[in-house]
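Quick note, the numbering used here runs 118 ahead of the 1-based positions in the sequence shown. Positions of the beta carbon are idealized from the N, C-alpha and C atoms, including for glycine. Structure first, commentary second.
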Amino acid sequence: MIEPTDRQITGCHGELAVREWSAPHPGWIALIAHGYGEHSGRYQWVAEQLVGARALVWAPDHIGHGRSPGERVLVEDAETIVADLETVRQRVTAEHPDLPVVLIGHSMGGLLAARHAQLHQQHLAAVVLSAPVLGTWHVLDLLEHDEIPDTPIDPATLSRDPEVGAAYLADPLVWHGPFRRPTLQAIDQCLLAINEGPTLDRPTLWVHGEDDELVPEADTRTGIDRIRGDDFHEHIYPGARHELFNETNKAEVMNDVLTFIGRTLNT
119 MIEPTDRQIT GCHGELAVRE WSAPHPGWIA LIAHGYGEHS GRYQWVAEQL VGARALVWAP
179 DHIGHGRSPG ERVLVEDAET IVADLETVRQ RVTAEHPDLP VVLIGHSMGG LLAARHAQLH
239 QQHLAAVVLS APVLGTWHVL DLLEHDEIPD TPIDPATLSR DPEVGAAYLA DPLVWHGPFR
299 RPTLQAIDQC LLAINEGPTL DRPTLWVHGE DDELVPEADT RTGIDRIRGD DFHEHIYPGA
359 RHELFNETNK AEVMNDVLTF IGRTLNT
């Protein structure tokens, strides 16, 4: 196991907790944006695979998530988290100015990564979107209620591996409560901004599980079609659920991701 180094970086609303995993002689930077309610520590296996491919990995806990400060899972403006990602990118590239940056976002982190890429494409070598919240998202229907129902994420939707769901439920840094109205509103506004924003001119890979009930592939595709650039690639995995990096075929997914990155960076 590769132990991460803990960093603290000042974001828009406080000191962000950032995990860093490093190869001895890194050839590129992987910046990971995690999903709603979780934290960067859940990407240990992912980081180890990236380090094995000569990456320097930085992964912040978004404000209100994991070990970062703030009211739990409260996001009043998604653009501030996008700005935090840019702050982290600036910090890591200041320390490693010659290394290209690949932005990897999962779920809500895919939403944030897509928006970041729209705003800062010139600073990225490539983008990887894992089951991103794009286009439409059925969870936003909760906004129609006067009081948001207590409908936490069902761990069975994450992976076909039951141990993933069990670990998710037992993780004290994961949020297990209801969605917050401001957060859903912020996601809704970010979706609108992405739909009205530019296409992605950076090489982009979209990976998604065919049996993803939490973020259905068909809903995401409506947003993907709005931002799809000329250098765009996709893999849809039959039978896979939401967390592809924790799925029973995660080795296949990671191989596809690393193949895409290696081809893009010519490594």
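Is residue i buried or exposed, if buried means 16 or more other CB atoms sit within 10 Å of its CB?
i      : result
Arg381 : exposed
Met119 : exposed
Thr322 : buried
Ile354 : exposed
Glu189 : exposed
Thr377 : exposed
Pro267 : exposed
Pro334 : buried
Thr340 : exposed
Gly295 : exposed
Asn384 : exposed
Trp163 : exposed
His131 : buried
Leu309 : buried
Ala369 : exposed
Nearest to residue i by CA position, among the options, is which residue?
i      : options                        : result
Gly227 : Thr377, Pro273, Ala201         : Ala201
His256 : Ala311, Thr269, Asp264, Ala244 : Thr269
Leu291 : Ile181, His224, Leu203, Gly132 : Ile181
His263 : Pro144, Pro215, Phe297         : Phe297
His405 : Gln208, Arg190, Val246         : For the chain, the structure presents residues 119 to 385; residue 405 sits outside this window and is missing.
Glu281 : Ile342, Glu361, Glu204, Arg299 : Glu361
Glu194 : Leu229, Gln307, Asn384, Glu133 : Gln307
Ile147 : Gln126, Leu174, Arg160, Val164 : Leu174
Leu149 : Leu230, Ala336, Asp349, Glu197 : Leu230
Ala336 : Pro250, Glu314, Gly347         : Pro250
Pro316 : Pro215, Pro142, Cys130, Ala232 : Ala232
Ser248 : Asn364, Gly170, Glu133, Val191 : Asn364
Could you give the DSSP three-state label for residue i: helix, strand or coil?
i      : result
Trp139 : strand
Ala173 : strand
Thr128 : strand
Trp255 : coil
Ile312 : helix
Glu121 : coil
Glu133 : strand
Ala249 : coil
Below 8 Å on the Cβ atoms is my guess for residue i versus residue j; work out the distance and round it to an integer in Å.
i      : j      : result
His224 : His183 : Not a contact, Cβ separation roughly 13 Å.
Pro178 : Val206 : 5 Å
Glu204 : His238 : 6 Å
Thr275 : Glu328 : That belief does not hold up - the Cβ atoms of Thr275 and Glu328 are roughly 13 Å apart, past 8 Å.
Ala235 : Arg320 : 6 Å
Arg137 : Gly159 : 7 Å
Pro187 : Glu133 : 7 Å
Val191 : Trp293 : 5 Å
Thr338 : Gly253 : 5 Å
Please check if any C-beta of chain C sits within less than 7 Å of the C-beta of residue i.
i      : result
Asp264 : The displayed structure is made up of one protein chain only, and chain C is not part of it.
If we require 4 or more residues per run, which alpha helix (DSSP H) segments fall completely within the stretch 316-371?
335-345
Could you give the uninterrupted runs of the alpha helix (DSSP H) lying entirely in the stretch 180-247, keeping only those of 4 residues or more?
196-213, 226-238
Which parts of the stretch 267-301 are runs of the alpha helix (DSSP H), unbroken and 4 residues or longer, counting only runs that do not cross its ends?
280-288
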